[in-house]
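Right, one structure below, let's go through it.
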Amino acid sequence: MPVTPTRTHPAAASPYGAALAMLASLFFIWGFITVINGTLLPHLRSVFDLSYTQTTLIESVWFIAYFVASIPSAKLIEHIGYQKSLVTGLLIMAAGAVGMMLAASIPSYGVTLAMLFVIASGITLLQVAANPYVAVIGPPETSSSRLNLVQAFNSLGTVLAPLFGAYLILGRSVGGTAEHGTVLTQAERLADAQSVILPYGLVAVVLVLLAVAIGRFHFPEMGEATKRHTKEERRGHSLWRHRNLVFGVPAIFIYLIAEIGVANLFVNFVAQPQIANLTTEQAGRYLTLMWLGMMVGRFAGAFVMQRIAAETVLAAFSIGAFVVMLMTVFLDGPVAMWSLILVGFFHSIMFPTIFTLGIRGLGPLTEEGSGLLIMAIAGGALVVVQGWLADLYGLQWSFLLTAACELYVLFYALWGCKVTGTEPVKATAAE
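Here it is as C-alpha cells:
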C-alpha cells in the first residue's frame, strides 16, 4: 500500500496557521449557504407546487453559475488579486441573500432562481481563489490532507445549516410541518414563501461582517499560491499533458452529480411512507447526520492521508459509497435511510482529494487547472437528470445514477489520477 511520510499536522507546522484559519471561515460559510439551498428545495416545492424535475432545476441553476462564473472569476483575480476577490465574492453573496428576501416578499419563482444564481456566482469566486490557496501551502505530498482539513470546516457549515433551515424555514412553515402529501391552500403557500425572509436577512448580515474581516486581515506572502503567471511563463506548457487533470475535471463533474443528488433529494426520500414516513421538518434533522458524517470523514481523512497515499484512501471511500448506494436502492425502511446517511461519510474526502490530485505537478499551470476543476462543479446542475429519473421511475430507483457516479471516482483513484507530466515550480513572492 502506498504511504506518505509521517508528518506533523499540516496547519500546525505551517507559518500560515492564522491565514488558514481565516480561509477556513470562508469554507464554513459557503458550505453553510450551499446546504441552506438544499433545505430550501422541499420548501419551494411546496410553495410553488413543483414536480421533482422543476425542484431539481433550482439546483441546476445554482450549479450552472459555477460553469458561467469560473473563468470570469479567474480573470477578476488576475486584475484585483486574491484578497480583494475574496471580499468581492462575499459581497456578491450578500447581495444575493438580500435578493432572496425580495423574492420571498413577492413571491416569485423566477426571482428566486436569479438570486440563487447570484449567490452561487459569489461562492464560485471564493472557490476559485481559496482552494488552490490552501493546496499549495506546505509539502505537495500532504496537500490533500491540508485541503481535507480546511474542507472539514466547510462540512461543519453543512452540519449546522440543516438545523438552521429546519427551524427557521421548514419549522416556521405550514408545508414543512404538514404530513406527507398534504395539499396547501394558496394563502398558506404565500405565508410559507415569506418564511425565508428572516434566515436570509441573517445570512446577509454575516456575509457583510465576514467581508470586512477578510478585507482587514493581513495575509502573509503565500508564494506560488498568489503568483499570477504571465502568458510568457505559461508558454510551452500544456494542460493536456497532465492525465491527472484531464480525468480530474470529469471526476469533479461526475462526483458533484452524486453529492448534490443525495443532498437535495434526501428529505423527500426519507419522508416517503415506505422509508421513514417523516415530515420534511423531521427529515431535515436527519439530513444533519449525513453532513456530520461528511465532517467526520474529512477530519479523519486529513489524519489518515498523512500516512496513506491520497489515491488509496479515495479508492477505498469510493467503493464504500458504491455499496451503500446499492443498499439505498434495493432496501426499504430505516436501512435504506441510514445507508443514504452513511454515504455522507464516504463522500467526505472526494472533492478535496480529487482537486489536489488534479493540480499535482501543474507548476505554472496551477491557476488554469484550478479554474477548470472549479468549473467542473457545474456537474451539480445535472441533478436535474436525477429529478427526471425520479419522476419517471421513482425516487428510490433514481439513486442508481449516484451509484454509477461512484464507479468513475474509483476509476480516477486507481488510474486516472496518475501524474504523466510535471511542470517546474519556483517559489515567488506574493503580489
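Residue numbers (the numbering used here): 73 to 503.
Virtual Cβ for every residue (Gly too), placed ideally from N, Cα, C.
One Cα belongs to residue 347, the other to residue 324, and the distance between them is close to 30 Å. Ranked by how close their Cα comes to the Cα of residue 345, the residues 336, 273 and 409 have 409 in first place. If you check the CB distance, residue 223 and residue 423 come in under 9 Å. Residue 431 is a Cβ neighbour of residue 207, given a cutoff of 9 Å. Ranked by Cα distance from residue 98, the first of 460, 428, 198 and 455 is 198. Inter-segment contact for the region 401 to 418 and the region 432 to 447 is absent: fewer than three beta-carbon pairs are separated by less than 8 Å.
Beyond the five residues adjoining it in sequence on each side, residue 129 comes within less than 6 Å, by CB distance, of 456 in the same chain, given in chain order. In this structure, residue 385 places its C-beta atom within 9 Å of the C-beta atom of residue 421. Here the alpha carbons of residue 374 and residue 213 stand approximately 12 Å from one another. With 16 or more neighbouring CB atoms inside 10 Å of its own CB, residue 370 falls in the buried class.
The beta carbon of residue 184 lies closer than 6 Å to those of 175 in the same chain, with the five residues before and after it left out.
In this structure the region 352 to 369 does not touch the region 476 to 494; the number of beta carbon pairs closer than 8 Å is below three. Taking every protein chain shown into account, the CB of residue 454 has 16 or more other CB atoms within 10 angstroms, so this residue is buried. Boundaries of the alpha helix (DSSP H) harbouring residue 360: 352 to 376, taken from the DSSP string. The region 133 to 140 and the region 439 to 449 touch, with no fewer than 3 CB-CB distances between them shorter than 8 Å. Spatial neighbours of residue 316 in its own chain (CB-CB distance under 6 Å, excluding positions within 5 residues in sequence) are listed in chain order as 429, 430, 432, 489 and 491.
The closest CA to that of residue 272, considering only 166, 360 and 311, is found on 166.
For residue 188, the closest of 134, 153 and 279 by C-alpha to C-alpha distance is 134. The C-alpha of residue 361 is placed about 26 Å away from the C-alpha of residue 196. Straight-line measurement puts the Cα of residue 120 at about 20 Å from the Cα of residue 170. For the set 101, 473, 472 and 407, the Cα lying nearest the Cα of residue 286 is the one of 101.
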